[in-house]
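**Q**
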Amino acid sequence: MRHRSDFLHSRLPRFLLIALGAILLAPATASAAAGTPPAGGAAIGQIIGATAAAIVLTAGLLALGIGHRSGRFRGLKWASELAGRLSGLPAWAALPVAIAAGSLVCAVFGLYWDISLHIDNGRDPGPLANPAHYFILAGLFGIFSAGWLAIVLPTSRPSPAAIRIVRGWEAPLGGVLMMVSSSFALLGFPLDDEWHRLFGQDVTLWGPTHLIMLSGAAMTLVGILVTLAEARLALRDQPVGAAVSSDAAASTDAAASGDAAASTPALRRADALVERVLGVVPRPLLGLLRQRSARLIAGCGGVLLGLSIYQGEFDFGVPQFRLLLEPVLLALAAAVALVTIRVIAGRGTALGAVAFYLIVRGVIALLVSPLLGQTTPHFPLYIAEALLVEGVALVVSTQRPYRFALAAGGLIGSVGVLAEWGWSHVWMPEPWPAHIVGEAIALSLPAALAGAVLGAFFGGALSLRPEVAATRRAWVAAATSLAVIGVVIAVLIPTTVPAGAHVQVTLSDTPGSTPAHREVQATARFVPAAVTRGADWIQETAWQGHAKLLHAALVRVGDGVYRTPTALPAFGTWKSVIRFHRGTQMASIPVYLPADAAIPAPGVPALTSFDRPLQADRLLLQRERKRNVAPWLWGTAVTTVLGLILALLVALGWGLARLARAGQPSRQRQTEPVSPGRSREVAGVA
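Counting from 1 along the sequence shown, just add 479 to a position and that's the residue number in this note's numbering.
(1) Taking C-alpha atoms, which residue in PHE936, VAL839 and ASP1038 lies nearest to ARG882?
(2) Counting Cβ pairs, one atom from each stretch, are 3 or more of them under 8 Å apart for the region 1111-1128 and the region 666-685?
(3) Mind pulling the alpha helix (DSSP H) runs of 4 or more residues that sit fully within the region 755-802?
(4) Cutting at 7 Å between CB atoms, please list the residues of its own chain near LEU1072, excluding the five before and the five after it.
(5) Measuring CB to CB, does HIS981 end up less than 9 Å from ARG1091?
(6) For ILE776, collect the residues of the same chain with a Cβ closer than 6 Å to its Cβ; drop the 5 residues on either side in sequence, then sort them by chain order.
(7) Between ALA577 and chain B, is any beta-carbon pair separated by less than 9 Å?
(8) Can you give me the C-alpha to C-alpha distance between GLY1024 and GLY1037, rounded to a whole angstrom?
(9) Considering only the beta carbon of each residue, do MET907 and PRO849 sit closer than 9 Å?
(10) So the candidates are GLY791, GLU899, ILE615 and ALA958; which of them puts its Cα closest to the Cα of ALA931?
(11) So, helix, strand or coil for TRP1113, using DSSP?
(12) Is the region 625-641 touching the region 1091-1105, taking contact as three or more C-beta pairs under 8 Å?
(13) How close, in whole Å, do the beta carbons of SER559 and TRP571 come, if the pair is a contact with beta carbons under 8 Å?
(14) Counting only the same chain and skipping the five closest in sequence on each side, list residues whose C-beta sits under 6 Å from that of ALA949.
(15) Using the rule of at least 16 other Cβ atoms within 10 Å of the residue's Cβ for burial, across every protein chain shown, is TRP911 buried or exposed?
(16) Any idea if LEU547 is buried or exposed, counting beta-carbon neighbours within 10 angstroms, 16 or more meaning buried?
(17) Is it the case that the region 871-890 contacts the region 838-845, given that we only count it when at least three CB pairs across the two stretches are under 8 Å?
(18) Name the DSSP bridge partner or partners of ILE642?
(19) Would a C-beta distance cut-off of 9 Å place ILE691 and ALA664 closer than the cut-off?
(20) Just to check my reading of the structure: VAL797 and THR1020 have Cβ atoms closer than 8 Å, yes? What is that Cβ distance to the nearest angstrom?
(21) Less than 9 Å between the C-beta atoms of LEU684 and ILE594, yes or no?
(22) Quick one: Cα of SER736 to Cα of SER942, how far?
(23) Per DSSP, which one or two residues make a beta bridge with ALA1021?
(24) Are the CB atoms of ALA927 and GLY889 within a distance shorter than 9 Å?
(25) Please look up how many angstroms separate the CB atoms of THR1063 and ARG801, rounded, as I've assumed it's under 8 Å.
(26) Near VAL1034, what residues of its chain come up, given a Cβ to Cβ distance below 7 Å and the 5 sequence neighbours on each side ignored?
(27) To the nearest angstrom, how far is it from the Cα of VAL760 to the Cα of ALA956?
(28) What did DSSP end up calling ILE1124 once you bin it into helix, strand or coil?
(29) So VAL1070 and ALA1001 are supposed to be a Cβ contact under 8 Å. How far apart are they, rounded?
(30) Would DSSP call ARG676 helix, strand or coil?
(31) Could you tell me the boundaries of the beta strand (DSSP E) in which TYR1071 lies?
(32) Whole angstroms are fine: how far does the CA of TRP592 sit from the CA of ALA1127?
(33) Let me confirm a value: GLN1149 is counted as buried when at least 16 other C-beta atoms fall within 10 Å, else exposed. Which label applies?
(34) Can you find the residues in the same chain that come closer than 6 Å, C-beta to C-beta, to LEU632, ignoring five residues on each side of it along the sequence?
(35) Specify, as a first and last residue, the run of the beta strand (DSSP E) that GLN1000 falls within.
(36) So what's SER987 in DSSP terms, helix, strand or just coil?
Written out as structure tokens, the structure reads:
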């Protein structure tokens, strides 16, 4: 037995690391020697490597959990105890929440870096040949690991909302939700590869399988916040005035079972290490880690981050959907996140959540663009929306969350949209023209109201109020809100092409241009000229030239006549087009496209003059997408994906209702001493 334990503690981690390194290195090295990147699914070597890596990592995670629950491996207990002492949370919650939070930031960074790499460089040689994918996978697997650790760490019932696994083992609800959401996101990777085989690479953030990954990752925030609420329930159930250990339940179980190992020299050394770590942590930082409001601000700031990832194409300046969709998505994200934080926390927390969001997005933008040299991910501000929510809270009590939500949502969908319209002319890639503002408010208002109602439902559950989140009326309100959001987005998805319109283009080479490095200025005459009147934007776009995205609005020089303000590249792997958007119409013409043998697709030369018809925008931006797929197969696949996302949302809603019911016996807020330097409120999120 001793020999097996030694292997588990010392040799197994080393073996797993060596095996994982060998697995990942082989396909990455092979892909580096590949020629034209594939336009379909991944190579079999990469699939084998990724699958083997997943098996090895999951086996290691399983071994850690079994070792902890059997008492043979004490590392998790020491780490969780340290996290608990630092944060003031029960150990079973402290370590998973810390790992999940760090992993989520890692995944978000990987996402924005990945988008910029695809815009600037094109397709990957394989899924394991893109460095950003490792951050995404590490982040998602980290959240999955956090959920697993939350499930295996408690040795007694962690909270009234816990889910029974087997007799004598109950798992925190938040840990289960984290595992469900992260598993859903990870499932998107093999499904995405299969999707590429069936339909080609749909190079858009809103590809169906991409939505699985995005939605699963964003919804992990629900599990994190539910875990914090469960921790609060656990603290509430401790005897009043008693000093609470970071994992009191585990300590009690160990004492009751007469575990002789509880006083071994190794454990005493570990306890001494915990004390030394606590001794070097600055007191202001320790106080911040233990502040309930700081955890909530970070959590709901994370919700704002998670919901804002759907706007990614607009942030980079390569939208493939109508411009009106951007204000709708902004209003929806702001309403859900800011109403939630204001329902569960006090004055100023909506501004705090936005500050957290801006710090993270600002750091990511600095890392991706100036440091890594890729296209800059821009981002909305949400400051005006936070001020509006705080203002509404001064007039409408958050104790009546749905009334508060409707008032806040109404202002976010109107005044907030006006504020973001102003910001779009300051730093966003796509300035909103004045003529769309009225329609933007008309569409954003129902989305913001629906999002605010979802925020009230979410906040009510986290506040442990069953009358807000666990009644039939609450479920009807949440379901209706989801339906409203779905209808608004569905209205904005379809696009058309102006019938019979074409563009006459004259190109002139720039001074110093050579055949190997050709750059051209373009003058474009739209026929008929009337097609350009009231356009939302007419722009030049060039991408995938192994340099930053080139993107600028064309300059009007006459009725229907425009010129490019900067030269378009017409060489190498660059793709250069002129794009047009007016209302439901989104169309483009190619100026220069390279030949692509993997699709296969012929090149489009940049002739000195040419006349080309406007064609569907997605035909050029999603050049790798297969055109000969049966419509019924595409429709079935999309419907299946949407059904999976809906199932995830229903599961999360069930979890929130269960949490709200678990807090029913004690909903009145009161503060009681727990241990020196820590106070405990009876209800709400930890």
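Beta carbons are placed, not taken as given, at the ideal position from N, Cα and C, and that holds for glycine.
**A** A quick look at the data gives this:
(1) Nearest C-alpha to ARG882: PHE936.
(2) The region 1111-1128, when compared against the region 666-685, does touch it at the 8 Å Cβ threshold.
(3) The DSSP assignment places 762-768, 771-787 and 791-795 as complete runs of the alpha helix (DSSP H) inside the region 755-802, in order along the chain (cut-off: 4 residues).
(4) The beta carbon of LEU1072 sits closer than 7 Å to the beta carbons of LYS1054, GLY1082 and VAL1083 from its chain, once the five residues preceding and following it are set aside; these are given in chain order.
(5) With contacts defined by Cβ atoms closer than 9 Å, HIS981 and ARG1091 form a contacting pair.
(6) Only residues of its own chain outside the window of five on either side were considered, and among them THR828, GLY831, ALA832 and PHE835 have a CB closer than 6 Å to the CB of ILE776, listed in chain order.
(7) Annotation note: the requested chain B is absent from the structure, which comprises a single protein chain.
(8) Roughly 31 Å between the two C-alpha positions.
(9) For MET907 and PRO849, no; Cβs fall outside 9 Å.
(10) In terms of CA proximity to ALA931, ALA958 leads the group GLY791, GLU899, ILE615 and ALA958.
(11) It is helical.
(12) The region 625-641 is not in contact with the region 1091-1105.
(13) 7 Å between Cβ atoms; contact.
(14) Excluding its 5 nearest sequence neighbours in each direction, ALA949 has C-beta neighbours in its own chain below 6 Å: ALA1136, ALA1139 and ARG1140, listed in chain order.
(15) The Cβ neighbour count for TRP911, taken over all protein chains shown within 10 Å, is at least 16; the residue is labelled buried.
(16) Before going further, note that residue 547 is His rather than Leu in the sequence given. So HIS547 ends up on the buried side.
(17) Remark: fewer than three beta-carbon pairs, one from each stretch, lie closer than 8 Å, so the region 838-845 and the region 871-890 are not flagged as touching.
(18) In the DSSP output, where bridge partners are listed per residue, ILE642 has ALA650.
(19) Yes. Within cutoff.
(20) Confirmed, about 7 Å.
(21) Yes; because the gap between Cβ atoms is below 9 Å, this pair is in contact.
(22) Reliability fails at SER736, whose pLDDT of 35 lies under 50, so the model's placement of it is uncertain and the value that follows must be treated cautiously. If I take the Cα positions, the gap works out to 35 Å.
(23) In DSSP, ALA1021 forms a bridge with LEU1029 and SER1055.
(24) The Cβ atoms of GLY889 and ALA927 sit closer than 9 Å to each other.
(25) Indeed, because the Cβ distance is near 7 Å, the residues count as touching under 8 Å.
(26) If we look at VAL1034 and ignore the five residues flanking it on each side, its Cβ neighbours are TYR1041, ARG1042 and PRO1044.
(27) Answer to the nearest angstrom: the Cα atoms are 46 Å apart.
(28) In the structure shown, the three-state DSSP call for ILE1124 is helix.
(29) The C-beta distance from VAL1070 to ALA1001 rounds to 6 Å, short enough to fall under 8 Å.
(30) Three-state DSSP puts ARG676 in a helix.
(31) Going by DSSP, TYR1071 is part of the beta strand (DSSP E) stretching over 1064-1071.
(32) Note that residue 1127 is Leu in the sequence shown here, rather than Ala. Cα to Cα, LEU1127 sits roughly 26 Å from TRP592.
(33) For GLN1149, the predicted model reports a pLDDT of 38, less than 50, meaning its position is unreliable and no value from the coordinates is stated.
(34) The answer, listed in chain order, is SER559 and TRP571.
(35) Residue range 998-1006 is occupied by the beta strand (DSSP E) that includes GLN1000.
(36) The three-state secondary structure of SER987, taken from DSSP, is strand.
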